[in-house]
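Take a look at the structure below.
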Amino acid sequence: MAKALKSCHESPEQSTLLCLRLARLEELLPFIESVKVNRGTFPELRDPDDAKFITCAATAGVRWLVSGDNDLLSLRHIQSVEIVSVTAILQLLKARP
């Protein structure tokens, strides 16, 4: 990897940061699952670009979609997915046994 980083003409500081980010990503990889996403039909969205997030959440079968996006949060619930803020998810998780 060091050779690859040198070929990118990165400074030593940038190379170190990149290595740290790659190490964090490597830790997450065992928990990442690829899913085939079929475009869903949703009610009219204020932001059509949000469809990809809703589609992925519904396809993956998640219970909550955590977002800070007001357009998404205004939907509150779509299919089996509840759309919540970070504050709301923290409260939900604290309340769980």
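If you're matching positions, the sequence shown starts at 131 in our numbering and goes up one per residue.
We put the beta carbon where it would ideally sit given N, CA and C, even for glycine.
Since we're looking at a predicted model, the values are computed, not measured.
Separation of residue j from residue i, as counted between CA atoms
{"i": "Ala187", "j": "Ser210", "result": "9 Å"}
{"i": "Phe172", "j": "Ile184", "result": "9 Å"}
{"i": "Pro227", "j": "Glu157", "result": "27 Å"}
Close Cβ partners of residue i (< 8 Å) along its chain, the five nearest in sequence each way excluded
{"i": "Val214", "result": "Trp194, Leu195, Val196, Ser197, Leu203 and Leu222"}
{"i": "Arg206", "result": "Glu212 and Ile213"}
{"i": "Ile219", "result": "Trp194 and Val196"}
Cut-off 6 Å between Cβ atoms - residues of its own chain near residue i, not counting five sequence neighbours on either side
{"i": "Glu212", "result": "Trp194"}
Which of helix, strand or coil DSSP assigns to residue i
{"i": "Leu150", "result": "helix"}
{"i": "Ile219", "result": "helix"}
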